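Each residue of the sequence shown is one higher than the one before, counting from 1 in full-length UniProt numbering.
Using N, Cα and C, we set each Cβ at its ideal position, and we do this for glycine too.
Remember, it's a predicted structure, so these values are computed and weren't measured experimentally.
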Amino acid sequence: MRAGMHNVCCMSTVTRATLAEQIYDQVGLSRHESADILEDILERMARTLETGDTLKISGFGTFSVRQKGQRTGRNPKTGVEVPILPRSVLVFRPSQLLRAHVNGQAGRDDLPEGDDE
């Protein structure tokens with residue numbers, strides 16, 4: 001996290017509106033511009049993952065798409081076997097720096113410069 005963004009982590013849920021407001025407060029753009037920038041970033045992230053590419057944010061973590069093959073599942077109520085079709089799953093692997101931060105082992109100013117993976 002950048003300096004000044006640490007108060008976001010103390011809320012119960014961070015939303016798009018919360019993030020856009022933080023951009024507005026920190027950068028000084030209009031609220032509309034801040035929301036547009038956030039939407040653009042999120043859209044680019046989603047498109048990257050939709051194409052199967054990996055998304056790495058230094059000091060934060062890596063998002064990737066993993067393919068799961070078909071397997072047999074079981075209905076817990078009836079016990080009947082049911083095929084579970086192949087699908088894509090989104091995987092997030094936090095960076096060591098983020099893990100340390102979440103566990104209280106890193107200072108607030110340690111995130112996110114540098115490449116830690």
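- A distance of 7 Å or more separates the beta carbons of P83 and G69.
- Excluding residues up to 5 positions away in sequence, L49, F63 and V65 lie with their Cβ nearer than 7 Å to the Cβ of L90 in the same chain.
- The alpha helix (DSSP H) runs of length 4 or more contained entirely in the region 15–94 are, from start to end of the chain, 16–27 and 31–50.
- DSSP places Q105 in no alpha helix (DSSP H); its state is neither H nor E.
- A straight line joining the alpha-carbon of Q105 with that of R93 spans about 18 Å.
- Residue burial annotation: G61 is buried, with at least 16 other C-beta atoms found within 10 angstroms of its C-beta.
- Put simply, the backbone Cα of T72 is about 41 Å away from that of T18.
- A Cβ-Cβ distance of about 23 Å is found for the pair L29 and G59, leaving them out of contact under the 8 Å criterion.
- If you draw a 10 Å sphere on the C-beta of S34, you find 16 or more other C-beta atoms in it, and that means buried.
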